[in-house]
Ligand SMILES: NC(=O)c1ccc[n+]([C@@H]2O[C@H](COP(=O)([O-])OP(=O)(O)OC[C@H]3O[C@@H](n4cnc5c(N)ncnc54)[C@H](OP(=O)(O)O)[C@@H]3O)[C@@H](O)[C@H]2O)c1
């Protein structure tokens, strides 16, 4: 349910410029509560220079979140503009532990209000060692008592990552057979924009406890305006 935010109602009515103008008038004229503004979050990201990080970081920045990213020496140039680099190594906690104290969301680790972790679809018939490592990390997260969102994509389609498209007919068939339906859905292909949207949604909607987000939910992730 949307909360009435009187400050935003006033501000939006006074600030009559840009594309929001007709909506400000509508809200004022019909006395419709103006939706509470999205809370800006302090986000610390590991892997911000990678394939997924390169899609996620610019989206978080453009939505007004403060983003800092752990960066290895030599990779700073790969980081998206608007994001503050924090030099360090993910395998050596001491190199970045001090830098994350003010963050309220960590997209990958440590004792914070909300931890967002990209895991992998499981169970699945191949890449068992990869799944085992992710399952162990998920268990550690549960045991830690942190509020966490765990996303479980299987393969993320995007630039340079398209070959699994060839398997779409097989997915189509497997989703129709009762014996293979669940597995096909769980390991279904998602796109890079869908995955980035699901991560932003996770950052903006922390929950108590541990929440698992699988491929079908990643595909339908929608962001509040
Ligand atoms: N892509 C997929 O289809 C897919 C599917 C399921 C799950 N996932 C998971 O999603 C996550 C991101 O995937 P991705 O495809 O974006 O991976 P990626 O392109 O390989 O990016 C890896 C990122 O991790 C950073 N990194 C690696 N070792 C580091 C270290 N010791 N210290 C600091 N940074 C380090 C890399 O930094 P540098 O720039 O310095 O190399 C890079 O930014 C991974 O955990 C992956 O297993 C991906």
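In our numbering, the protein residues as written are 1 to 225.
Ideal Cβ positions, reconstructed from N, Cα and C, are used throughout, including at glycine.
Of all alpha-carbon atoms in 83, 38, 155, the one lying nearest the alpha-carbon of residue 44 is that of 83. Inter-segment contact for the region 152 to 166 and the region 111 to 124 is present: three or more beta-carbon pairs are separated by less than 8 Å. Contact between the region 187 to 199 and the region 47 to 58 is present: three or more C-beta pairs spanning the two stretches fall below 8 Å. The beta carbons of residue 116 and residue 202 sit about 5 Å from each other, so the pair counts as a contact at 8 Å. Relative to residue 223, the option among 132, 213, 205 whose CA is nearest is 205.
The beta carbon of residue 147 sits closer than 8 Å to the beta carbons of 113, 114, 115, 206, 207, 208, 209, 210 from its chain, once the five residues preceding and following it are set aside; these are given in chain order. When the Cα atoms are used, residue 145 and residue 138 turn out to be separated by approximately 11 Å. Inter-residue distance for residue 61 and residue 178 is about 43 Å (C-alpha atoms, whole angstroms). Beta-bridge analysis with DSSP links residue 115 to 106, 148. A residue is called buried once 16 or more other Cβ atoms fall within 10 Å of its Cβ, and residue 200 is buried on that count. Burial is judged here by how many other beta carbons sit within 10 angstroms of a residue's own beta carbon; residue 46 has at least 16 and is buried. Within the same chain, and ignoring the five residues on either side of residue 164 in sequence, the residues whose Cβ sits closer than 7 Å to its Cβ are 155, 157, 189. Within 10 angstroms of the beta-carbon of residue 214 lie 16 or more other beta-carbons, which makes it buried. Per DSSP, residue 187 lies in no beta strand (DSSP E) and is assigned neither H nor E.
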